[in-house]
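Structure first, then comments.
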Amino acid sequence: MGFDQYHEPPEELPPATRTFARLCASLTEEAEAIGWYEQRLAIETDPEALAVMRDAQGEEFKHFSMDLEFLLRRTPAWREVAQGILFQAGDIVEHGEEAEAETFDGDGAGSEGAFAHGSLGIGSLRGVSR
Amino acid sequence: MNHLLRSNAPISDAGWNLLDEEARERLAPALAARKLVDFSGPHGWDHSATDLGRVTPVGSAPAEGVSGLQRRVLPLVEIRADFELSRSDLRDADRGADDIDLGALDKAAHQIAVAENVAVFHGWHGAVTGIADASPHDSLQLPETADGYPRSVASAVERLLCSGVIGSYGLALGREQYRRVVETAEHGGYPLLEHLRKILEGPIVWAPGVDGAVVLSLRGGDFVFESGQDLSIGFDSGDADLVHLYLEESFSFHVATPEAAVTLKP
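Chain order of the listed sequences is A and B. Quick note: the first sequence, position 117, residue 139 per our numbering, numbers continuous. Quick note: the second sequence, position 84, residue 1438 per our numbering, numbers continuous.
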């Protein structure tokens, strides 16, 4: 155990980036837990154990979704890409390519701006010092 | 193309990148409210009102045997700071010049950041109820010299605790107050900034536009800044020499827990 969610020296990272990294690590852990429960549920035969593990997996769904929403709120470009993909019917890859192009074409900015609605993408500054 | 009409401007993609980056760099340090209150959105330019969950009685219903209520909403406000840039300078930037004059953009960025801070912390008559407007607590007096600030800030924190408002807490300091805090060391050389941080268990932010200081809870759910169109640069018009642009945003601000902040007067 250590502080291995940091890829760069933590003392050189601003607080907002450290928070972002923590939530990214948490998101990863929740996704792993969902996968582990999926495997356990696939082989378990005891109905009571199945019920407990289904409930536990539901918790992980919630945790994963909260982590993701936090990260999207702090990252307008990611949010814009996600809006083009998540909860959309149809071809996932097609939506992904379109969302990426709409968000980042022209080096990510140009006349239409890099972020949603042509904004500067400033959003919340919680966690930014001074 | 949206209402900002950016692609109608005589500005290259590289030029827009330069202006957007400059605006972000100038805005971020001064947008104090966004460092302390909850942020919702952006919900887009066509988002016009915040749901308050409240209703107002309506005098009479349209038919007998029916009662009616009208929903109350908080309308978003729009703020805009116009500025103009030299087209010649922008062409130089496209050639690689790294010292073009963006002073007008810098000034507009500061103005709109101050306007946002003032609206959130002190209110905007007829349009926004600010944190100081809504707070039921009497303002505390800041002493003349900054070495007395810890006592005032501790009093504000104690007042919040008495109201059941738990921390951590943040401190927004007006320009003069921030300068005094940063330049002051207490007995033994301990920085005043660090002492205040320990009292608050939270951040201290430079808040141009704030008159004095505001201590507020950071627990969440007390103060909500709802963004419609987040800060953006739009195109107004252009001629042979100048391009007329503007910085703009739309937002509402809602105080859900008025007692979660205490103001400190200079």
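Where a beta carbon is used, it is the ideal one built from N, C-alpha and C, also for glycine.
Uninterrupted alpha helix (DSSP H) stretches at least 4 residues long and entirely within the segment 1463 to 1524 of chain B occur at 1485 to 1488 and 1503 to 1516, given in chain order. Remark: C-beta atoms of G140 (chain A) and S1586 (chain B) approach each other more closely than 8 Å. Taken through DSSP and simplified to helix, strand or coil, Y28 (chain A) comes out as coil. Where T1617 (chain B) is concerned, the enclosing beta strand (DSSP E) starts and stops at A1615 to K1619. The Cβ neighbour count for Y59 (chain A), taken over all protein chains shown within 10 Å, is at least 16; the residue is labelled buried.
Note on geometry: alpha-carbon atoms of H1357 (chain B) and L1456 (chain B) lie some 23 Å from one another.
Per DSSP, reduced to three states, the secondary structure at S1361 (chain B) is helical.
When only Cα atoms are considered, W1370 (chain B) and L1444 (chain B) end up about 10 Å apart. Residues of chain A whose Cβ lies closer than 8 Å to the Cβ of L1547 (chain B) do not exist, since the nearest Cβ in that chain is about 10 Å away.
Between the segment 1409 to 1417 of chain B and the segment 1493 to 1508 of chain B there are fewer than three C-beta pairs closer than 8 Å, too few to call the two in contact. By the neighbour-count definition (other C-beta atoms within 10 Å, threshold 16), T125 (chain A) is a buried residue. Using a Cβ-Cβ cut-off of 8 Å, S1586 (chain B) counts as an interface residue toward chain A, since at least one Cβ of chain A sits closer than that to its own.
Within the same chain, Cβ atoms closer than 6 Å to the Cβ of S1517 (chain B) are found at E1613, the five residues on either side in sequence being excluded.
Within a 10 Å sphere around the beta-carbon of I114 (chain A) sit fewer than 16 other beta-carbons, which makes this residue exposed. Here H117 (chain A) carries a helix assignment [DSSP, helix/strand/coil]. Residue-level contact by beta carbon fails for A1594 (chain B) and chain A, as no gap is shorter than 8 Å.
Nearest CB-CB separation between Q1583 (chain B) and chain A: below the 8 Å threshold. Shown here, A78 (chain A) sits in a helix according to DSSP, grouped into three states.
For H1608 (chain B), the enclosing beta strand (DSSP E) covers residues L1596 to V1609. For the 8 Å CB-CB criterion, R101 (chain A) and L94 (chain A) form a contact.
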